[in-house]
Amino acid sequence: MKKILMVLVLLIAIGGGGALYANNWYNSGIEKRLSTSSDQVKFTVEQGENTESIGKRLKEAGLIENELILKLYLRRENKGGSIQAGDFLIPKKATIPEIVEILGRGVDLDVVKVTIIEGYKLSQISSTLELAFSGREGVVFDQSEFNTITKSPDNYTFDAEVQTFLDQYKPAGKSLEGFLYPDTYEFGNTVSTKFTIESMIKHFITKTADLNKGDDFYKKLVLASIIERESMTNEERDEISSVFTNRLEIGMALQSDATVNYATGKSDPRPTFADTKIDSPYNTYKYPGLPPTPICNPRIESIEAALNPADTDYYYFIHEQTGSGKVHFAKTESEHNANIAKYLD
212 MKKILMVLVL LIAIGGGGAL YANNWYNSGI EKRLSTSSDQ VKFTVEQGEN
262 TESIGKRLKE AGLIENELIL KLYLRRENKG GSIQAGDFLI PKKATIPEIV
312 EILGRGVDLD VVKVTIIEGY KLSQISSTLE LAFSGREGVV FDQSEFNTIT
362 KSPDNYTFDA EVQTFLDQYK PAGKSLEGFL YPDTYEFGNT VSTKFTIESM
412 IKHFITKTAD LNKGDDFYKK LVLASIIERE SMTNEERDEI SSVFTNRLEI
462 GMALQSDATV NYATGKSDPR PTFADTKIDS PYNTYKYPGL PPTPICNPRI
512 ESIEAALNPA DTDYYYFIHE QTGSGKVHFA KTESEHNANI AKYLD
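Its first residue numbered 212, the sequence shown is counted upward by one per residue in this note's numbering.
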């Protein structure tokens, strides 16, 4: 397991030579689908089998690409003990979180239990739900309908609580990106597509109920989504928020690799130079300020960090290339370059 910590040597550098996106390697690993096929592979977990053995066999079965990322996910999400012994059918196109969800399912075939990972985009939530509902009897959920509703919610009327909230905090014409709260949900097989969406928005409403949102809450939600994709731990979110907030205040480009990846649809550990030059409002290398919408659906800690950034003079940060992955902040470009030389070279 010591090797796992070494993989947390994910690197962020904002400014100077460009931004290195810390979580992309991990996120791209857990989000990667090795197939587009819905065909299923029978997989058996033996009684008492450890996660190392399970990971090795999942890789041999062609269901995962990297055993280490599976170990990281199980440790980071505290799901190592959730895997049950038994026979399972795993779709070839399942992601690591979806595989873990399947291996941890109980026997209730009338309940769909699904985990939406923090930082997932609408498209990823859509695919996760489609996979969770697939193969069940009496299913009403429709992925195409989900995509249509979440992309153009203004064309639909939601229940009173949800509609009131969206009318207040979601600008007209915007999608529901950012408003579907990441968590574990249980749905009946026959719930409507709109019900799944409303359930996640209601959870968002509950989680943010005590926050002082203000008139610019949507902009803060956009910032929170960037913090979500750029942070490695909850402890560093407030200071990372301060870096982006300070840059916004002086009109300095955010240079977030996460926003570039959102524009390109990639999840590269580091976007190419060409990607950072694309003409997209989500390219925060090219255009100062925030992108037009959230780039993912963030957890409450990222939202709180966006609303309450630490009071700092930081404009740069990196994560160490060591097992600790410790973050180092800098006020000036020269300090930032010194940190790079000390901790990354």
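Glycine included, each C-beta is placed from N, C-alpha and C at the ideal position. No experiment lies behind these values; they were computed from the predicted model shown.
Q) With respect to the beta strand (DSSP E) encompassing D449, which residues constitute its N-terminal and C-terminal limits? A) Unbroken run through D449 is the alpha helix (DSSP H), R448 to E460; no beta strand (DSSP E).
Q. Run through DSSP, which three-state label would V351 get?
A. If DSSP states are grouped into helix, strand and coil, V351 belongs with coil.
Q) In terms of residue numbering, what span does the beta strand (DSSP E) encompassing L300 cover? A) G297 to P302 is the span of the beta strand (DSSP E), which, as asked, contains L300.
Q) How long is the line joining the alpha carbons of N238 and A420, rounded to whole angstroms? A) Annotation: N238 to A420 spans about 29 Å, alpha carbon to alpha carbon.
Q) How would you write the range of the beta strand (DSSP E) that G399 sits in, first residue to last? A) Per DSSP, G399 belongs to the beta strand (DSSP E) from T395 to G399.
Q. By a C-beta neighbour count over all protein chains shown, 10 Å radius and 16 as the cutoff for buried, is K385 buried or exposed?
A. Label assigned to K385: buried.
Q.
Please report the straight-line C-alpha distance between G273 and S545, rounded to a whole angstrom.
A. About 47 Å.
Q) Which first and last residues belong to the alpha helix (DSSP H) in which Y284 is found? A) From DSSP, the alpha helix (DSSP H) with Y284 extends over E278 to R287.
Q: Taking the CB atoms as reference points, tell me whether P480 and G330 lie closer together than 8 Å.
A: Going by C-beta atoms, P480 is not nearer than 8 Å to G330.
Q) On the premise that I514 lies in contact with T470, defined as a C-beta separation below 8 Å, what is that separation, rounded to the nearest angstrom? A) Wrong, their Cβ atoms sit about 17 Å apart, outside the cutoff.
Q: Please look up how many angstroms separate the CB atoms of I307 and F254, rounded, as I've assumed it's under 8 Å.
A: Actually they do not touch by this definition, with Cβ atoms about 14 Å apart.
Q: Determine the burial state of T262: buried for a count of at least 16 other Cβ atoms within 10 Å of its Cβ, exposed for fewer.
A: Counting the other Cβ atoms within 10 Å of the Cβ of T262 gives 16 or more, which makes it buried.
Q. Between which two residues does the beta strand (DSSP E) containing K253 stretch?
A. Note, K253: beta strand (DSSP E), Q251 to V256.
Q.
Is the separation between the beta-carbon of N494 and that of A474 shorter than 8 Å?
A. Yes, these two residues count as a Cβ contact at 8 Å.
Q) Residue ranges of each alpha helix (DSSP H) run of no fewer than 4 residues wholly in the region 311 to 390, ordered along the chain? A) List check, alpha helix (DSSP H) in window: 333 to 344, 354 to 362 and 371 to 380.
**Q.** Proximal residues to V350 (C-beta, below 6 Å), its chain only, five neighbours per side dropped
**A.** By the criterion of a C-beta distance shorter than 6 Å, V350 is surrounded in its chain by F344 and N400, once the five residues flanking it on both sides are discounted.
Q.
What does DSSP give as the partner residue(s) for A541 in the beta ladder?
A. DSSP output for A541 lists Y527 as bridge partner(s).
Q | Beta-carbon proximity of I313 to P393, cut-off 8 Å | A | In this structure, I313 keeps its C-beta atom at 8 Å or more from the C-beta atom of P393.
Q.
If distances are taken between C-alpha atoms only, which option among I294, T339, K267 and T456 comes closest to T523?
A. Nearest C-alpha to T523: T456.
Q.
Measuring only the C-alpha atoms, how far is S338 from A485?
A. A485 has its alpha-carbon roughly 29 Å from the corresponding atom of S338.
Q. Shortest alpha-carbon distance to E348 belongs to which of S355, D321, F406 and E372?
A. The candidate whose alpha carbon is nearest that of E348 is D321.
Q.
So the candidates are I360, E531, G297 and E257; which of them puts its Cα closest to the Cα of T407?
A. Looking only at I360, E531, G297 and E257, the smallest Cα-Cα distance to T407 is reached by I360.
Q) How is R440 classed by DSSP in three states: helix, strand or coil? A) Of the three classes helix, strand and coil, the one that applies to R440 here is helix, per DSSP.
Q. Helix, strand or coil for F406 per DSSP?
A. In the structure shown, F406 sits in a helix (DSSP, three-state: H, G or I).
**Q.** Opening and closing residue of the alpha helix (DSSP H) in which N508 lies
**A.** No alpha helix (DSSP H) holds N508; DSSP gives it neither H nor E.
(Q) I need the DSSP call for N519, collapsed to helix, strand or coil. (A) The answer is coil: DSSP assigns N519 none of H, G, I, E or B.
Q: Could you check which residue in I438, K497, P482 and G259 has the C-alpha nearest to that of I463?
A: For clarity, residue 463 is Met in the given sequence; the question names Ile instead. Nearest to M463 by C-alpha distance, out of I438, K497, P482 and G259, is K497.
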